[in-house]
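K.L.:
Here's a structure for you.
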Amino acid sequence: MEVIHKKRESRRPDENHGAGNKGERTECSRTFNQIDPDTAGVPVDYSFRKVDYLSQLQNGLPREFRVGMPKVGESKRFVSRSIWANYNNLVDLSSISSLVSSSLEHPELISWLDVSFNQIQTISKELTSLHNLMILYLHGNQIQCLTEVAKLRDLKKLRTLTLHGNPIEGTPNYRQQVLKLIPYLKNLDFSVVADYERAFVKYTRAL
């Protein structure tokens with residue numbers, strides 16, 4: 000039994016029009032509100048930098064156009080729990096730990112990472128060191144294998160994940176396969192995980 004979901008369009012928007020469509024922006028606001036406002040701040044926005052590697056973003060100033068400049072803490076790093084590095088040319092997520100440490104006042108508290116609309120093919124195990132990550136946007140990349148998604152199982156606090164617009168979306172029973180790998184997700188591809196989906200995944204895992 001396969002539950003059929005309408006495929007999402009993952010076009011790469013123009014920089015001047017911001018990120019994504021209205022539904023996506025609404026979802027961003029909803030998930031951001033899940034994060035403790037006392038330590039959240041505005042996201043550190045490294046989008047549209049045309050970089051190939053995360054290491055190229057270290058020690059750089061974030062953009063102010065979309066969300067404003069985050070506050071600077073005592074250590075001269077930004078008071079935020081979110082990093083946006085979407086709309087670049089990233090090929091992988093190596094150096095993610097270094098970027099988080101050099102950018103955030105409290106790097107251990109990072110909760111939201113947006114690396115959508117890049118050229119990412121593999122998910123670095125380094126990503127699993129971000130133990131408090133709740134929200135991860137990977138849509139619009141080049142991920143092809145479920146084995147890459149399986150690396151995210153160690154992120155026990157992950158609740159919102161996007162993967163649509165990757166080649167992996169063409170995998171038979173794609174949504175069910177992802178939920179089988181990461182059963183604690185509450186939202187996948189900007190769609191709430193329904194009770195019947197959880198029941199179906201639980202049933203297939205028991206077979």
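Residue numbers (numbering that gives the first Met the number 0): 0 to 206. We put the beta carbon where it would ideally sit given N, CA and C, even for glycine. Just so we're clear, the structure is a prediction, and the values are computed from it rather than from any experiment.
Measuring CB atoms only, is the stretch 104 to 121 touching the stretch 134 to 150, in the sense that at least three cross pairs come out at less than 8 Å?
P.N.:
As far as the Cβ criterion goes, the stretch 104 to 121 touches the stretch 134 to 150, which means the pair count is three or higher.
K.L.:
Starting from L135 and walking both ways along the alpha helix (DSSP H), at which residues does that stretch end?
P.N.:
In the sequence shown, residue 135 corresponds to position 136, counting from 1. Not the alpha helix (DSSP H): L135 falls in the beta strand (DSSP E), residues 134 to 136.
K.L.:
Output needed for N165: all residues of its chain with C-beta closer than 6 Å, excluding positions within five of it in sequence on either side, in chain order.
P.N.:
Counting from one through the sequence shown, the residue named residue 165 turns up at place 166. Contacts found: N140, I142.
K.L.:
My output table needs one value for F199: the three-state DSSP class, helix, strand or coil.
P.N.:
The sequence position of residue 199 within the sequence shown is 200, counting from 1. Reduced to three states, the DSSP call for F199 is helix.
K.L.:
Kindly list the residues whose CB is nearer than 8 Å to the CB of K155, restricted to its own chain and excluding five residues on each side of it in sequence; keep chain order.
P.N.:
Stepping through the sequence shown from its first residue, residue 155 is reached at position 156. Around K155: H130, Y183.
K.L.:
Measuring alpha carbon to alpha carbon, tell me which of L187, D91, Q175, Y45 ends up nearest A198.
P.N.:
On the sequence shown, position 199 is the one that residue 198 refers to. Looking at the Cα atoms, Q175 is the closest of the given residues.
K.L.:
In the DSSP assignment, what are the bridge partners of I82?
P.N.:
Your numbering for residue 82 matches position 83 in the sequence shown. Its beta-bridge partners are V43, L112.
K.L.:
Can you tell me which of S97, R80, Q57, V90 puts its alpha carbon nearest to the alpha carbon of D51?
P.N.:
As a first step, residue 51 must be located in the sequence shown, where it is residue number 52. For the residues S97, R80, Q57, V90, the minimum Cα distance to D51 belongs to V90.
K.L.:
By Cβ distance below 6 Å, which residues in the same chain neighbour K21 in space, the five residues on each side in sequence not counted?
P.N.:
In the sequence shown, counting from the first residue as 1, residue 21 sits at position 22. Its pLDDT being 46, under 50, K21 is placed unreliably in this model, and the value from its coordinates should be taken loosely. Same-chain partners within the cutoff: there are none.
K.L.:
My assumption, with CB atoms under 8 Å, is that V43 sits in contact with F77. Please give the rounded CB distance.
P.N.:
Translated into the one-based positions of the sequence shown, residue 43 becomes position 44. Translated into the one-based positions of the sequence shown, residue 77 becomes position 78. Yes, they are in contact, since the Cβ atoms of V43 and F77 sit about 5 Å apart, within 8 Å.
K.L.:
Measuring CB to CB, does S123 end up less than 8 Å from L92?
P.N.:
To locate residue 123, count along the sequence shown from 1; it is residue 124. To locate residue 92, count along the sequence shown from 1; it is residue 93. Yes; because the gap between Cβ atoms is below 8 Å, this pair is in contact.
K.L.:
For T159, which of helix, strand or coil comes out of DSSP?
P.N.:
Here residue 159 corresponds to residue number 160 of the sequence shown, with the count starting at 1. If DSSP states are grouped into helix, strand and coil, T159 belongs with the strands.
K.L.:
Can you give the Cα-Cα distance for E168 and Q120, rounded to whole angstroms?
P.N.:
Residue mapping note: residue 168 aligns to position 169 of the sequence shown, counting from 1. Residue mapping note: residue 120 aligns to position 121 of the sequence shown, counting from 1. Spanning the two alpha carbons is a distance of roughly 13 Å.
K.L.:
Run through DSSP, which three-state label would L206 get?
P.N.:
Within the sequence shown, residue 206 is the residue found at index 207, counting from 1. It is coil, neither helix nor strand.
K.L.:
By DSSP's criteria, L187 is part of a beta bridge. Which residues make up the other side?
P.N.:
If you number the sequence shown from 1, residue 187 lands on position 188. Answer is L160, S190.
K.L.:
Count the other CB atoms within 10 Å of the CB of P61; is the residue buried (16 or more) or exposed (fewer)?
P.N.:
Counting from 1 along the sequence shown, the entry for residue 61 is found at position 62. With 16 or more other Cβ atoms within 10 Å, it is buried.
K.L.:
Which value, in whole angstroms, describes the spacing of the CA atoms of K185 and S96?
P.N.:
Position 186 of the sequence shown holds residue 185. Position 97 of the sequence shown holds residue 96. Distance between the alpha carbons of K185 and S96 is about 25 Å.
K.L.:
What do you get for N58, buried or exposed, if any count of 16 or more other CB atoms within 10 angstroms of its CB means buried?
P.N.:
Taking the sequence shown and counting its residues from 1, the one referred to as residue 58 is at position 59. The residue is exposed, with fewer than 16 neighbouring Cβ atoms inside 10 Å.
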